[in-house]
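Those letters in the sequence shown? Residues 172 to 476, per the working numbering, in order.
Every residue gets a Cβ at the ideal spot worked out from N, C-alpha and C, and that includes glycine.
Given the structure is predicted, the values throughout are model-derived calculations rather than measurements.
Right, one structure below, let's go through it.
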Amino acid sequence: MYTLEPNQDYRDQSLRDNAELSSTELQADAAKHYDDCYNDYLVAWCNRDNLALHYGYWDEAKPYDQHQALLNKNQILYDTARIQAGDKVLDAGCGIGGSTIWMAKQHGNRVTGITISAKQADYARQHAKRHGVAELVDFEVADFCATPFPDASFDVVWALESSCHALNKADFLREAWRVLKPGGRIVVCDGFVLQRQFTEQQWRAVVTCLNGWAVPNLCARNEFTGLLAQQGFQAIVCHDITAQTQASVEHMYQVAKRLKPVQTISQWLGLRSKAQTANYLVGLAQHQLFTEKLTEYCIFTAQKA
Numbered sequence: 172m173y174t175l176e177p178n179q180d181y182r183d184q185s186l187r188d189n190a191e192l193s194s195t196e197l198q199a200d201a202a203k204h205y206d207d208c209y210n211d212y213l214v215a216w217c218n219r220d221n222l223a224l225h226y227g228y229w230d231e232a233k234p235y236d237q238h239q240a241l242l243n244k245n246q247i248l249y250d251t252a253r254i255q256a257g258d259k260v261l262d263a264g265c266g267i268g269g270s271t272i273w274m275a276k277q278h279g280n281r282v283t284g285i286t287i288s289a290k291q292a293d294y295a296r297q298h299a300k301r302h303g304v305a306e307l308v309d310f311e312v313a314d315f316c317a318t319p320f321p322d323a324s325f326d327v328v329w330a331l332e333s334s335c336h337a338l339n340k341a342d343f344l345r346e347a348w349r350v351l352k353p354g355g356r357i358v359v360c361d362g363f364v365l366q367r368q369f370t371e372q373q374w375r376a377v378v379t380c381l382n383g384w385a386v387p388n389l390c391a392r393n394e395f396t397g398l399l400a401q402q403g404f405q406a407i408v409c410h411d412i413t414a415q416t417q418a419s420v421e422h423m424y425q426v427a428k429r430l431k432p433v434q435t436i437s438q439w440l441g442l443r444s445k446a447q448t449a450n451y452l453v454g455l456a457q458h459q460l461f462t463e464k465l466t467e468y469c470i471f472t473a474q475k476a
């Protein structure tokens with residue numbers, strides 16, 4: 172049996188230049204991973220309208236619509252966190268700006284997006300200008316565990332499939348608490364493990380997903396609830412949206428299967444980086460994690476007293 176412990180980095184060391192990485196090196200490694208995969212995401216997953224590097228949300232009987240499902244995810248987080256147009260939001264781990272731009276464009280919020288990738292921040296600024304919301308948004312290169320912002324700067328901290336990138340999730344929650352105003356809210360949407368021990372076959376799928384998304388480890392629901400409470404957050408609620416995520420999981424799996432010939436030939440020709448290949452493989456492995464009920468997908472909301 173293999174055990175997934177908190178606060179450890181389980182990614183395959185063969186994907187990196189160094190076996191032991193410092194915190195700064197871990198961030199640089201993750202940034203390079205997503206920089207390498209930028210075009211892959213735009214071609215195979217999102218588009219220049221939604222700019223979404225996350226799962227979609229689908230609860231309708233009609234056929235799955237990938238673009239709409241990705242936009243639905245933004246709206247469900249916005250509603251669940253009870254965000255208002257006048258709220259100042261920190262998009263902690265903003266990627267290429269999808270949610271930041273959506274909040275500004277759809278609701279008029281002033282939003283600051285932070286990413287550890289200078290290239291992502293630059294892409295996000297370009298996309299914001301193209302969408303006509305450059306005056307409402309700001310993109311900065313910053314670590315969401317140690318931001319440059321003063322205490323009590325934001326009404327909402329938004330983390331959509333980003334908190335998983337923290338080696339120690341408590342570090343992220345501690346910083347979120349610091350930058351939130353009294354009465355401010357946090358909303359975290361991510362995948363969570365349903366067990367800590369895995370068979371060899373299950374473990375291969377888990378590590379493939381960690382590799383493919385540059386994630387060191389995954390939290391369990393009860394563990395994350397405890398970390399929120401320890402930090403002082405109140406009104407903690409976990410919304411299980413695994414069922415509404417399943418269509419997106421299946422879509423990713425089908426896309427990966429369709430692209431297998433392209434991936435195989437490109438890899439053989441040396442046209443795919445290690446990060447790109449790892450990112451492709453996660454499309455297949457993530458399906459196993461959900462179908463075998465090794466993971467669940469949840470939205471957490473909580474409030475600073």
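Where residue i falls: helix, strand or coil (DSSP)
i: Gly362; result: strand
i: Tyr209; result: helix
i: Gln179; result: coil
i: Gln474; result: strand
i: Glu463; result: coil
i: Cys390; result: coil
i: Ile263; result: The sequence shown places Ala at residue 263, rather than the Ile named in the question. In the structure shown, Ala263 sits in a strand (DSSP, three-state: E or B).
i: Ile247; result: helix
i: Arg345; result: helix
i: Ile254; result: coil
i: Cys469; result: strand
i: Thr174; result: strand
i: Arg219; result: coil
i: Lys203; result: helix
i: Lys233; result: coil
i: Gly227; result: coil
i: Gly113; result: In this structure the chain extends from 172 to 476, so residue 113 is not present and cannot be described.
i: Arg375; result: helix
i: Leu351; result: strand
Under 8 Å between C-beta atoms of residue i and residue j
i: Phe343; j: Phe315; result: yes
i: Ala232; j: His336; result: no
i: Cys380; j: Arg392; result: no
i: Ala330; j: Val359; result: yes
i: Gln368; j: Met172; result: yes
i: Asp206; j: Ser288; result: yes
i: Leu430; j: Asn178; result: no
i: Asn450; j: Cys217; result: no
i: His204; j: Ala427; result: no
i: Ile272; j: Ala313; result: no
i: Phe325; j: Lys276; result: no
i: Tyr181; j: Pro387; result: yes
i: Ala476; j: Gln405; result: yes
i: Ala240; j: Ala418; result: yes
For residue j and residue i, believed in contact at Cβ under 8 Å, the rounded distance
i: Thr283; j: Leu261; result: 5 Å
i: His298; j: Gly268; result: 5 Å
i: Cys265; j: Phe310; result: 7 Å
i: Val327; j: Gly355; result: 6 Å
i: Leu389; j: Ala473; result: Rounded, the Cβ-Cβ distance is 19 Å, inconsistent with contact.
i: Ser333; j: Ala263; result: 6 Å
Bridge partners - residue i, DSSP secondary structure assignment
i: Arg281; result: Lys259
Original post:
What runs of the alpha helix (DSSP H), each 4 residues or longer, lie entirely inside the segment 283-333?
Top reply: 289-302
- Segments assigned beta strand (DSSP E), at least 3 residues, entirely inside the segment 378-465: 405-411
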